[in-house]
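J.: Next up is a structure, given as structure tokens.
Chains as they are written, first to last, in full-length UniProt numbering: chain A, 1 to 214; chain B, 1 to 368.
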């Protein structure tokens, strides 16, 4: 009997993580500018440059360069694994965090979970010419069929992101009214969707927000 | 950079809650890349207490590391005209902060304040007369915004002597100017969640002039069904202001009445030493203390350096919002509010005895 001979095709997959000085510099610049404009005291760069010495090293260099221009803002660095641990142990130590793409996704979701869940965190995306606003973390999270069927999705995150959008469009009064109404509904606590411990439908939350608008 | 399709008109001074109760923003503001770049602002210290109070603003901005760079120019109220280089500067920078410029009584020297407004077509003047927490006044719940047409009316500057001993002074009211100030007032009300606009007039006497003003207001009111509109004759208005100021919200007025109403409302709410305000046109904006732009204090206050810097500090906070640095504006307002509420550092007009510098130091210490 002929032995089964299997030929193993060894396919080597190379995944390139591309880090460029241009992009690292501009995100670092944005982070420090954001901190400056919003009276934030500290910017923390998240990296794994002990392993990815060149790629994350380049990212860090760019952050350090930009940090020199903002002497009033504290700058420090943290390795991403330690960062995840610190986030769940002592999140109060963090203020503004600037990260490359992947770490940012993970850190954002973790921090959002710590602070109350991705159902309530506002966020946005911005470039030199355009801006896209969507719920803070987990942009790819479109919920499960059950939530869709029962119409019980949490609208808070997108409502607050739309308030950021109103500010971006330079309608700060409307943004404030919206945020105040949403905040009031959440703090009153009797109209919450499942992820916040309640049982309401999306429409009920919306009606509550509208009722709380002044 | 995205083109800002929203005109400067609607950017000015949107002030959702009172400047005195503005909380630190709970939700963040996401700037466009490059929004942190410093802006240059023309600074005109002016006469009398002007240099003292503009100096106060400069010190506080320095302490906050605000992204504002001042270009200072000396202008005095007795000059015949505003120097050309100053005009160029304001046209270039689009935003100006000034102390007072005193207009001499009589003597044929026209007001430099007016010249600035006319040449740059800065047609709307806005004063927010609002109670300050910690400052006790006869009336509570005062929150009046007086929007005043800035370029025509009784201030057209057209006077002549018909025959010796007989002088004619022309008050000019145009549909164009009345319409645009009415539009500004309603737009302001809409953007700031205000419920009522009141037009102040004397159309029972000046039937054509003030009648035209009223017609323009009524036209514009139709486009804003959500906002209540009413009219009040200026003499009754003055009386109502001192008797029951809570009934007023936004007031739109022609030039002269606006000056008087603004000063009265400012006095009711706590004094012209604390009310913020500004002037805006389609392209330029000038910020100065809310009412009494021509009031440069008396020699004694200048000598003792006891002018009240609060009004100009708050106006400069409005300017920061106009320049789209809302966080800096909020920090400044919160610090000033704290200092007033604590009550330890007040100048003479608020019942204390401090110098300008002491108030400035207190505000800087209160900054977070």
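Don't be surprised by glycine CBs; every beta carbon is placed ideally from N, CA and C.
Alpha carbon to alpha carbon, how far is residue 197 of chain B from residue 86 of chain A? Give it in angstroms, no decimals.
T.: Approximately 54 Å between the Cα atoms of the pair.
J.: Measure the C-alpha to C-alpha separation of residue 175 of chain A and residue 304 of chain B and round it to an integer number of angstroms.
T.: Cα to Cα, the separation comes out at about 44 Å.
J.: What first and last residue would you give for the alpha helix (DSSP H) that runs through residue 94 of chain A?
T.: Run containing residue 94 of chain A: none; DSSP gives neither H nor E here.
J.: Residue 89 of chain B by DSSP, collapsed to three states: which one?
T.: Note: residue 89 of chain B maps to helix in three-state DSSP.
J.: Taking contact to mean 3 or more Cβ pairs, one atom from each stretch, closer than 8 Å, check whether the region 209 to 223 of chain B and the region 172 to 179 of chain B are in contact.
T.: Touching, yes, given that three or more Cβ pairs across the two stretches are closer than 8 Å.
J.: Is residue 126 of chain B helix, strand or coil by DSSP?
T.: The answer is strand: DSSP assigns residue 126 of chain B an E or B state.
J.: In angstroms with no decimal places, state the Cα-to-Cα distance between residue 33 of chain B and residue 134 of chain B.
T.: Between residue 33 of chain B and residue 134 of chain B, the C-alpha separation is close to 39 Å.
J.: Tell me, to the nearest whole angstrom, how far the beta carbon of residue 320 of chain B is from that of residue 66 of chain B; I am working on the premise that it is less than 8 Å.
T.: Going by Cβ atoms, the distance from residue 320 of chain B to residue 66 of chain B rounds to 7 Å, so yes, they are a contact pair.
J.: Return the residue from the list B/330, B/349, B/326 that minimises the CA-CA distance to residue 363 of chain B.
T.: Of the listed residues, the one whose Cα sits closest to residue 363 of chain B is B/330.
J.: Thinking C-alpha only, which one of A/200, A/198, A/69, A/19 is nearest residue 52 of chain A?
T.: Closest by alpha carbon: A/19.
J.: Based on Cα-Cα distance, which residue from A/97, A/132, A/180, A/157 lies nearest to residue 67 of chain A?
T.: Closest by alpha carbon: A/97.
J.: From what residue to what residue does the beta strand (DSSP E) around residue 169 of chain B run?
T.: Taken as a continuous stretch (DSSP letters only), the beta strand (DSSP E) holding residue 169 of chain B covers 166 to 172.
J.: Can you tell me where the alpha helix (DSSP H) holding residue 72 of chain B begins and where it ends?
T.: Residue 72 of chain B -> not in any alpha helix (DSSP H); beta strand (DSSP E) instead, spanning 68 to 72.
J.: Buried or exposed for residue 78 of chain B, please, with buried defined as at least 16 other CB atoms from any protein chain shown within 10 angstroms of its CB.
T.: When all chains shown are included, residue 78 of chain B counts as exposed.
J.: Secondary structure at residue 168 of chain A, three-state DSSP: helix, strand or coil?
T.: In the structure shown, residue 168 of chain A sits in a helix (DSSP, three-state: H, G or I).
J.: 8 Å is my cut-off, CB to CB: does residue 136 of chain A come that close to chain B?
T.: Not closer than 8 Å to any Cβ of chain B, the Cβ of residue 136 of chain A fails to qualify, so no.
J.: Runs of 3 residues minimum, wholly inside the region 275 to 311 of chain B: which ones carry the beta strand (DSSP E) assignment?
T.: Those beta strand (DSSP E) runs which fall completely within the region 275 to 311 of chain B and span 3+ residues are 276 to 280, 285 to 289.
J.: Going by beta carbon distance, what residues of the same chain come within less than 7 Å of residue 349 of chain B, once the five residues before and after it are set aside?
T.: Contacts found: 271, 273, 308.
J.: Report the residue from B/155, B/199, B/284, B/324 whose alpha carbon sits nearest the alpha carbon of residue 253 of chain B.
T.: The shortest C-alpha separation from residue 253 of chain B is found at B/199.
J.: Is the CB-CB distance between residue 234 of chain B and residue 257 of chain B below 8 Å?
T.: Result yes, Cβ atoms of residue 234 of chain B and residue 257 of chain B sit closer than 8 Å.
J.: Applying the criterion that 16 or more other CB atoms from any shown protein chain within 10 Å of the CB defines a buried residue, is residue 23 of chain B buried or exposed?
T.: With a pLDDT of 43 at residue 23 of chain B, under the threshold of 50, the modelled position of this residue cannot be trusted, and the question is left open.
J.: Count the other CB atoms, across all protein chains shown, that sit within 10 Å of the CB of residue 91 of chain A; report buried if there are 16 or more and exposed otherwise.
T.: Exposed: under 16 other Cβ atoms inside 10 Å.
J.: Straight-line CA distance for residue 94 of chain B to residue 85 of chain B?
T.: Each residue's Cα considered, the two are about 14 Å apart.
J.: Give me, in chain order, the residues of the same chain whose beta-carbon lies closer than 6 Å to that of residue 141 of chain B; leave out the 5 immediate sequence neighbours on both sides.
T.: Only 246 meet the Cβ criterion.
J.: Just to confirm, is the Cβ distance from residue 156 of chain B to residue 136 of chain B under 8 Å?
T.: No.
J.: Taking C-beta pairs closer than 7 Å, name the residues in chain A that residue 29 of chain B reaches, listed in chain order.
T.: Neighbours of residue 29 of chain B on chain A, chain order: 38, 167.
J.: Following the continuous alpha helix (DSSP H) through residue 63 of chain A, name the residue where it begins and the one where it ends.
T.: Counting along the chain, the alpha helix (DSSP H) containing residue 63 of chain A begins and ends at 55 to 68.
J.: Where in the region 104 to 184 of chain A do unbroken runs of the beta strand (DSSP E), each at least 3 residues long, occur, reported from the N-terminal end onward?
T.: Counting whole runs of 3 or more residues, the region 104 to 184 of chain A contains the beta strand (DSSP E) stretches 122 to 126, 131 to 135.
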